[in-house]
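Everything on this sheet refers to the single structure shown next.
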Amino acid sequence: VTVPEYEAPLVVAEIDKVVSQNGKVTITLKEKPTTAPTAGDFCAIIAINGEEATDLTLSDFAIDEDGITITFIFEAVEQTEAEQSVVVAVKLGEGDEVAAEAFTVEADDLLAKEAAKRAFYETAKENYELYDEDGDTLVANVTFSATTNAITVRFQDMEPMNVFTAASEFFLTILLEELGVKGIAFENDQFMPLSDDLDEILNIATALFREMGIEPMEVLQGTASFNGISVPFTARIQPRGHVLYEDMFTVAFYDDSKEN
């Protein structure tokens, strides 16, 4: 009896899974193939933030002793001002593309803060007009210098309720909603949060008046004397879609109502 020589079944190389990190991709085959694949058998694509995928150049092919684990390296995705989600997919021969789970490239802190600052200055206006509740009386003219970060508030009307209305609009509409100011700290003080909470607005306004040597009651009674004292402060700012950063500003109040 002649026993036929055993022939192992032909195993074709096929990708089981792909794992990727920034600059390296690891491919696991379903089983050890009869013929080991070579670097030229693989091709890859890369997609960033869901945009259209482009070809990805793989290099430094290496296959493990187990015959199923293969690694390549590729040019790492550079950090930008924003976080990036990256997906790498690999194809072996005529097989289907197999995508790795997305990895994240963190934003470059410096670039992210520079982008946030640009967004702030693009949104900030040189001039603002603040009116009373009815919108009939001009209460204050506000100017902002993007060169010096100086804010100048010139009151045209000192009626206490109008001042309160104008201040609320300045803190809520301009600083919080439009410019993304999240907190304010005066010299040697802790940051005070800014939100639509009236108590927080009053805390900041009270601290600001006292930095100017004015008691809040004087404002309520209409006896405050705004003399143009420049008060420095630090603001925590986070424009929509950007990171939080800090910057220095000054603010000065003037009473022009007696000239009108």
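Taking my numbering as reference, the numbering of the sequence shown is continuous, increasing by one, and the terminal residue is 269. Yeah, the Cβ is synthetic: ideal placement off N, Cα and C, and Gly gets one too. These numbers come from a predicted model, not from an experiment.
Query, Result
"Where threonine 174 falls, given that 16 or more other Cβ within 10 Å makes a residue buried", "buried"
"Three-state secondary structure assigned by DSSP to lysine 26", "strand"
"Alpha-carbon spacing of proline 18 relative to alanine 53, whole angstroms", "29 Å"
"Closer than 8 Å to chain D by CB, phenylalanine 153", "This model lacks chain D altogether, as it is built from one protein chain only."
"C-beta contact flag for lysine 39 and glutamate 16 at 8 Å", "no"
"Distance between leucine 119 and isoleucine 82 (C-alpha atoms, nearest Å)", "27 Å"
"Whole-angstrom distance between threonine 113 and isoleucine 246, CA atom to CA atom", "25 Å"
"Limits of the alpha helix (DSSP H) - the one that aspartate 145 falls within", "Looking at the DSSP string, aspartate 145 is not in any alpha helix (DSSP H), and its letter there is neither H nor E."
"Isoleucine 183, enclosing beta strand (DSSP E) - first and last residue", "Here isoleucine 183 belongs to no beta strand (DSSP E), and DSSP marks it neither H nor E."
"CA-to-CA distance, alanine 124 to leucine 253, given in whole angstroms", "11 Å"
"CB-CB length for valine 148 against asparagine 171, believed under 8 Å", "5 Å"
"The region 177 to 191 / the region 221 to 241 touching (three or more Cβ pairs under 8 Å)", "no"
"C-beta contact flag for phenylalanine 242 and glycine 189 at 8 Å", "no"
"DSSP-derived helix/strand/coil call for isoleucine 77", "coil"
"Cα-Cα separation, arginine 249 to aspartate 256", "17 Å"
"Cα-Cα separation, leucine 139 to serine 29", "54 Å"
"Host beta strand (DSSP E) of arginine 163 (start-end)", "159 to 164"
"Cβ distance (whole Å) where phenylalanine 153 is taken to contact lysine 126 below 8 Å", "About 14 Å separates the two Cβ atoms, so there is no contact after all."
"Cα-Cα separation between valine 86 and asparagine 31, rounded to whole angstroms", "6 Å"
"Every unbroken beta strand (DSSP E) within the region 53 to 77, with a cutoff of 3 residues, ordered by chain", "63 to 65, 68 to 72"
"Buried or exposed by the 16-neighbour rule on C-beta atoms within 10 Å, applied to methionine 167", "buried"
"Collapsed DSSP secondary structure at lysine 100 in the structure displayed", "strand"
"Nearest candidate by alpha-carbon position, reference glutamine 165, set Phe235, Val99, Glu61", "Phe235"
"Test item: CB-CB of alanine 109 and valine 34 under 8 Å", "yes"
"Best match in Ile223, Arg163, Thr156 for proximity to glutamate 273 [C-alpha to C-alpha]", "Limits of the chain in this structure are 10 at one end and 269 at the other, which puts residue 273 out of reach."
"Chain-order list of residues whose beta-carbon lies under 6 Å from that of lysine 26 (same chain, five-residue window excluded)", "Thr37"
"Proximal residues to aspartate 69 (C-beta, below 7 Å), its chain only, five neighbours per side dropped", "Phe81, Ile82"
"Inter-residue spacing [alpha-carbon to alpha-carbon] between proline 202 and aspartate 50", "58 Å"
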